[in-house]
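Colleague: Respectively, the protein sequence lines represent chains A and B. Oh and the first sequence: position 38 is 38 in this note's numbering, straight run, nothing missing. Oh and the second sequence: position 704 is 825 in this note's numbering, straight run, nothing missing. Glycine residues also receive a C-beta, built at the ideal position from the N, C-alpha and C atoms.
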Amino acid sequence: MRRSVLMVDDSPSMRALVRSTLELAGFDVIEKIDGVDALGYAKGGSADLVLTDVNMPNMDGIQLVGELRSLPQYKFVPILVLTTESGGDMKMRGRQAGATGWIVKPFDPAQLIATINRVLQ
Amino acid sequence: MALDLEQFHEAFFEEAFEALDTMESALLKLNIGNPEPELVNTIFRVAHSIKGGSATFGFTEVASFTHTLETLLDELRGGRMQVTRGLSDLLLKSVDVMREMLRSVQHKTPIDPQRVADLQFDLELAILQKNQAPAAAPELPDVAPAPTPDAALPTMPATAILGQRRWQIGFRPYPQLLLRGNDPLRLLRELHELGSLEVEVDISGLPALSEMNTEDCYLAWNLVLTSEVTRDVIAQVFDWAEGDCKLEIVEIKSGLAERTAPPSAVVVPIGIASAHEAQIEVATTATLEPAAEQGRSQGASPATPSPAQGGSDSGSIRVSTEKIDEIMNTVGEIVITQSMLSQLGSSMEGPLAEQLRSGLAQLERNVRELQEGVMRVRMLPISFVFSRFPRMVRDLSHRLGKEIELKLTGDTTELDKTVLEKIGDPLVHLVRNSIDHGIEKPDIRRAAGKAAAGTVHLDAYHKGGNITVEVRDDGAGLDRDRILAKARERGLVGATEVPDDTAIYDLIFAAGFSTAEKTTDVSGRGVGLDVVRRNVQELGGTIEIRTERGKGSCFTITLPLTLAIVDGQSVAVGSETYIVPLTTIIESMQLKPSMVNRIAGRGEVFLFRDGYVPVVRLHQVFGVKPRTHELHEGLLMIVEGEGRRVGLFVDDLLGQQQVVIKSLETNYRRVEGVSGATILGDGSVALILDVPGLIRFAAERLAA
Numbered sequence: 001m002r003r004s005v006l007m008v009d010d011s012p013s014m015r016a017l018v019r020s021t022l023e024l025a026g027f028d029v030i031e032k033i034d035g036v037d038a039l040g041y042a043k044g045g046s047a048d049l050v051l052t053d054v055n056m057p058n059m060d061g062i063q064l065v066g067e068l069r070s071l072p073q074y075k076f077v078p079i080l081v082l083t084t085e086s087g088g089d090m091k092m093r094g095r096q097a098g099a100t101g102w103i104v105k106p107f108d109p110a111q112l113i114a115t116i117n118r119v120l121q
Numbered sequence: 122m123a124l125d126l127e128q129f130h131e132a133f134f135e136e137a138f139e140a141l142d143t144m145e146s147a148l149l150k151l152n153i154g155n156p157e158p159e160l161v162n163t164i165f166r167v168a169h170s171i172k173g174g175s176a177t178f179g180f181t182e183v184a185s186f187t188h189t190l191e192t193l194l195d196e197l198r199g200g201r202m203q204v205t206r207g208l209s210d211l212l213l214k215s216v217d218v219m220r221e222m223l224r225s226v227q228h229k230t231p232i233d234p235q236r237v238a239d240l241q242f243d244l245e246l247a248i249l250q251k252n253q254a255p256a257a258a259p260e261l262p263d264v265a266p267a268p269t270p271d272a273a274l275p276t277m278p279a280t281a282i283l284g285q286r287r288w289q290i291g292f293r294p295y296p297q298l299l300l301r302g303n304d305p306l307r308l309l310r311e312l313h314e315l316g317s318l319e320v321e322v323d324i325s326g327l328p329a330l331s332e333m334n335t336e337d338c339y340l341a342w343n344l345v346l347t348s349e350v351t352r353d354v355i356a357q358v359f360d361w362a363e364g365d366c367k368l369e370i371v372e373i374k375s376g377l378a379e380r381t382a383p384p385s386a387v388v389v390p391i392g393i394a395s396a397h398e399a400q401i402e403v404a405t406t407a408t409l410e411p412a413a414e415q416g417r418s419q420g421a422s423p424a425t426p427s428p429a430q431g432g433s434d435s436g437s438i439r440v441s442t443e444k445i446d447e448i449m450n451t452v453g454e455i456v457i458t459q460s461m462l463s464q465l466g467s468s469m470e471g472p473l474a475e476q477l478r479s480g481l482a483q484l485e486r487n488v489r490e491l492q493e494g495v496m497r498v499r500m501l502p503i504s505f506v507f508s509r510f511p512r513m514v515r516d517l518s519h520r521l522g523k524e525i526e527l528k529l530t531g532d533t534t535e536l537d538k539t540v541l542e543k544i545g546d547p548l549v550h551l552v553r554n555s556i557d558h559g560i561e562k563p564d565i566r567r568a569a570g571k572a573a574a575g576t577v578h579l580d581a582y583h584k585g586g587n588i589t590v591e592v593r594d595d596g597a598g599l600d601r602d603r604i605l606a607k608a609r610e611r612g613l614v615g616a617t618e619v620p621d622d623t624a625i626y627d628l629i630f631a632a633g634f635s636t637a638e639k640t641t642d643v644s645g646r647g648v649g650l651d652v653v654r655r656n657v658q659e660l661g662g663t664i665e666i667r668t669e670r671g672k673g674s675c676f677t678i679t680l681p682l683t684l685a686i687v688d689g690q691s692v693a694v695g696s697e698t699y700i701v702p703l704t705t706i707i708e709s710m711q712l713k714p715s716m717v718n719r720i721a722g723r724g725e726v727f728l729f730r731d732g733y734v735p736v737v738r739l740h741q742v743f744g745v746k747p748r749t750h751e752l753h754e755g756l757l758m759i760v761e762g763e764g765r766r767v768g769l770f771v772d773d774l775l776g777q778q779q780v781v782i783k784s785l786e787t788n789y790r791r792v793e794g795v796s797g798a799t800i801l802g803d804g805s806v807a808l809i810l811d812v813p814g815l816i817r818f819a820a821e822r823l824a825a
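1) Going by beta carbon distance, what residues of the same chain come within less than 7 Å of B/R439, once the five residues before and after it are set aside?
2) Could you tell me how far apart the beta carbons of B/V692 and B/V771 are, in whole angstroms, since I believe they sit closer than 8 Å?
3) Thinking C-alpha only, which one of B/E793, B/N343, B/G174 and B/T534 is nearest B/C366?
4) Between which two residues does the beta strand (DSSP E) harbouring B/R293 extend?
5) Let me know the secondary structure DSSP gives B/Q203 once reduced to three states.
6) List the endpoints of the continuous beta strand (DSSP E) containing B/H578.
7) Kindly list, in the order they appear in chain B, the residues whose Cβ is closer than 8 Å to that of A/V77.
8) Going by C-alpha distance, which of B/L650, B/F359 and B/H169 is nearest B/L190?
9) Which residues in chain A sit within 7 Å of B/L169, going by Cβ to Cβ distance?
10) Could you pull the DSSP bridge partners for B/P681 from this structure?
11) Would A/Q77 pass as a contact of A/A47 if the rule is Cβ separation under 8 Å?
12) Can you find a C-beta in chain B that's less than 8 Å from the C-beta of A/M14?
13) Determine, using beta carbons only, whether B/I809 comes closer than 8 Å to chain A.
14) Assign B/Q778 to one of three DSSP states: helix, strand, or coil.
15) Short of 9 Å Cβ to Cβ, which residues in the region 671–699 of chain B face chain A?
16) Taking the alpha-carbon of B/K713 as reference, which of B/E526, B/F729, B/A721 and B/I720 has the nearest alpha-carbon?
17) To the nearest angstrom, how far is the alpha carbon of B/N155 from that of B/L703?
18) Tell me which residue opens and which closes the alpha helix (DSSP H) that B/N788 is part of.
19) Excluding sequence positions up to five away, which residues of its chain have a Cβ less than 6 Å from the Cβ of B/E665?
20) For the region 352–370 of chain B, which residues have a beta carbon sitting closer than 8 Å to at least one beta carbon of chain A?
21) So what does DSSP say about A/L33, is it helix, strand or coil?
22) Where do the N-terminal and C-terminal ends of the beta strand (DSSP E) with B/S317 fall, by residue?
23) B/Y733: buried (16+ other C-beta within 10 angstroms of its C-beta) or exposed?
24) Does chain B have any CB closer than 8 Å to the CB of A/K105?
25) Under 7 Å, CB to CB, which of the residues in the region 128–153 of chain B have a partner in chain A?
26) Using a Cβ-Cβ cut-off of 8 Å, state whether A/G66 counts as contacting chain B.
27) Compute the beta-carbon to beta-carbon distance between B/G695 and B/R748, rounded to the nearest angstrom, for a pair I have assumed lies under 8 Å.
28) If B/T865 sits next to A/L17, beta carbons under 8 Å apart, how far is it from one beta carbon to the other, in whole angstroms?
29) Reducing DSSP to helix, strand and coil, say where B/T335 ends up.
30) Against chain B, with Cβ distances strictly below 8 Å, would A/G101 count as a contact?
31) Return helix, strand or coil for B/P714, following the three-state DSSP convention.
32) Using the three-state DSSP reduction, which class does B/R765 fall into: helix, strand or coil?
33) Please classify B/S170: does DSSP put it in a helix, a strand, or coil?
34) In the DSSP assignment, find the alpha helix (DSSP H) that holds B/S504 and state where it starts and stops.
35) Grouping DSSP H, G and I as helix and E and B as strand, with all else coil, what is B/K367?
36) Near B/Q415, what residues of its chain come up, given a Cβ to Cβ distance below 6 Å and the 5 sequence neighbours on each side ignored?
Right under this line is the structure:
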């Protein structure tokens, strides 16, 4: 069974890169451009894992994580944050909002896939 | 994994340049001393995303520079630094440098590393100075970092001794662990992969079934891992449970008693004695509260999916212009085929002919809609061009010591992309002229009773199927007398001739014309208005000037909505058909022989309204055999371009129609007096006349 990843990033090039990485590893990818966009999808659509950026217009990744966690169907879905932010404060905010893990950009594609597989195990 | 990063580079460059534009315009809007948080946030976010992208795609120099910039921006965002004029300049310079750096990696061209290093140094210096400057900005109290759960844990030196070590691991999840997508079972399995694992579950936290929240985790584990790994490796397994559990990792030294014994190394039966009971109670209340909260929030937002589900892909897609041009071209072919069929249909008779005609009429409507639709795809708001002006005006006014307020209105007005790309330079030229020659210095303005700050106003709007762009300033206006004197000096106007004002102001569009007393490095001698006019005309547009001494000037550019289609009047000359753009036509008339005068060796002129207009015989220009050589037997079509008029002598007027322009240059070669060609309904080719070109041709002949 193919697993689906809800991927949220405001940068088209980043989305293209992550999509290729994920698809190469056999995932289905749902692409959204910011928190509002992703939340709109999540209210009706499912995903096996969420991978979100932090700094985005309209709704940032941290807020998105919090909002997703309040949706019953996303309560237990692993949410990974993929971001350039590596500050401890920011990580703590992400964790408090309900993020499962934190991956710092720039990332190694192989590592990203390994991490996702680990969380999905 | 073999993934070629290079395939994403173009997308990254495109978005990075866009991001820089956003950053630049936000910087320009920033209030010195009192920056709007929303703008600062935008600037930060944009810098941050450029940093992330450039690091990901391997442009380390860009990433490093942007990192420094981001650090500074973070200080601004946190209110720990003030936005000063100097800082704003520094940030704008950074935008320039980032643009250059990106361009240099994009085109693999060299860049001066010293310039980058210098600027990066300046940025670092600014950050440092902020730390030294006492009370420059109200220092916000640093939020005390929340103590991380494992901060209290004894840190063991990660000894590099190989060989089996025994680790005592106390893993006590907080109730919300499951809600973070963590699965204890997975963690245990992972630990098991590291070595041999003894697992003991602690169920002392389990509440009574009736009090149990199915989403909370009540279990805890005491584990003993025998493995060669260091503490860090074990801690890594729990990376994502960090903050959601209490974790203790202690090495068991050769059977000696552990330094910190895990709280309960044995399975605690439910309902055990006092000391533990208190703990359990605390734990239970702690778990119940968030559960109750969750219950409430669930009640507030029912689990039914919202109606707006899924379809939020309202974004846009990027399509190369070539693809759109191909579609446009095909649509053009359909238009031609359709009009061929219409002509055929109109000549048919019989019971089916009527049906055919109504079907063709429907087709015609659909094709027109299709054509308009594709054209709309090519339209972009003029803000793409306007956006470069705030920066330019700011820099120029700085340099010239003038105070200038820039007003941009109508920036959502849409224009064909090709027109948009080509109108930028002429506009820049006009704005530069306005600032350099139009707007006076503050003291002069004040003396003239004007506000010290001058205004340059760019305005775009639709007007009768065209787009009008105005560049207005409230500066000094043109000096009519000086222009006239200069024109006389250069022999453009005869010594006794007194042209009307419009004609005088029109002189500034003459090649090489300038009244500037000294050249400036901003707009040189002010020459180049001839180039502006030529550029505008190449786009099928016109430019006019209105000015009042002491009050200001206004340049009005009128442009066609698109370059792909033109409204034309078909005219017949012999067996040929020509298309004359409707916008150039003033009127058509039949001449009486008495109205025409011959000027020896220079051709014919005739009296039209209050001036003489040269006659251009199209059959002579294009070498075709006309129906008649007698002027009074044919028609004279008076057309205008570059402010001058000629009468085109043709055999007959045919009809008005929209025609799809095919470039002669790309399909054949450039032909004097012709701006393009089109295919008519009957499949024949008609040339579209370049009226300004024909007028120049006539003028040369007259001057010869």
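Modeller: In brief:
1) Closer than 7 Å at Cβ, skipping near neighbours: no residue.
2) That belief holds up - the Cβ atoms of B/V692 and B/V771 are roughly 4 Å apart, short of 8 Å.
3) It is B/N343 whose Cα lies nearest to the Cα of B/C366.
4) Start and end: R286 to P294.
5) B/Q203 falls in the coil class under three-state DSSP.
6) Counting along the chain, the beta strand (DSSP E) containing B/H578 begins and ends at G575 to K584.
7) Close to A/V77, with beta-carbon spacing below 8 Å, are these residues of chain B in chain order: G302.
8) Measuring C-alpha to C-alpha distances from B/L190 to each of B/L650, B/F359 and B/H169 identifies B/H169 as the nearest.
9) At residue 169 of chain B the sequence reads His, which differs from the Leu that was named. Result: N55 and T84.
10) Its beta-bridge partners are B/N587.
11) What sits at residue 77 of chain A in the sequence shown is Val, not Gln. For A/V77 and A/A47, yes; Cβs fall inside 8 Å.
12) Judged by the 8 Å Cβ criterion, A/M14 is in contact with chain B.
13) No, B/I809 does not count as interfacial toward chain A.
14) Residue state, collapsed to three classes: strand.
15) So nothing in the stretch comes that close.
16) Check the Cα spacing between B/K713 and each of B/E526, B/F729, B/A721 and B/I720: the tightest is with B/F729.
17) Going from the Cα of B/N155 to the Cα of B/L703 covers about 53 Å.
18) Taken as a continuous stretch (DSSP letters only), the alpha helix (DSSP H) holding B/N788 covers L785 to N788.
19) Excluding five sequence positions before and after B/E665, the CB atoms of its chain that fall closer than 6 Å to its own CB belong to T677, given in chain order.
20) From the region 352–370 of chain B, only D360, W361, E363, G364 and D365 have a Cβ closer than 8 Å to chain A.
21) According to the sequence shown, residue 33 of chain A is Ile rather than Leu. It is coil, neither helix nor strand.
22) Unbroken beta strand (DSSP E) run through B/S317: S317 to D323.
23) Exposed, because fewer than 16 other Cβ atoms sit within 10 Å of the Cβ of B/Y733.
24) At least one chain B Cβ lies under 8 Å of A/K105.
25) So the list reads F129, A132, F133 and E136, given in the order they occur along the chain.
26) Not an interface residue.
27) Contact holds; Cβ gap of about 6 Å.
28) Residue 865 of chain B cannot be examined here, being either before or after the span of chain B that is shown, 122 to 825.
29) In the structure shown, B/T335 falls within a coil segment according to DSSP collapsed to helix, strand and coil.
30) A/G101 counts as touching chain B.
31) In this structure, DSSP gives B/P714 a helical state, which the three-state scheme calls helix.
32) In the three-state DSSP reduction, B/R765 falls in the strand class (E or B).
33) Helix at B/S170.
34) Looking at the DSSP string, the run of the alpha helix (DSSP H) that includes B/S504 is S504 to F507.
35) In this structure, B/K367 counts as strand in the three-state DSSP scheme.
36) Residue confidence is low: B/Q415 scores 39 on pLDDT, short of 50, so the model does not pin down where it sits. Its coordinate-derived value is still stated next. Cβ neighbours of B/Q415 beyond the five flanking positions: none.
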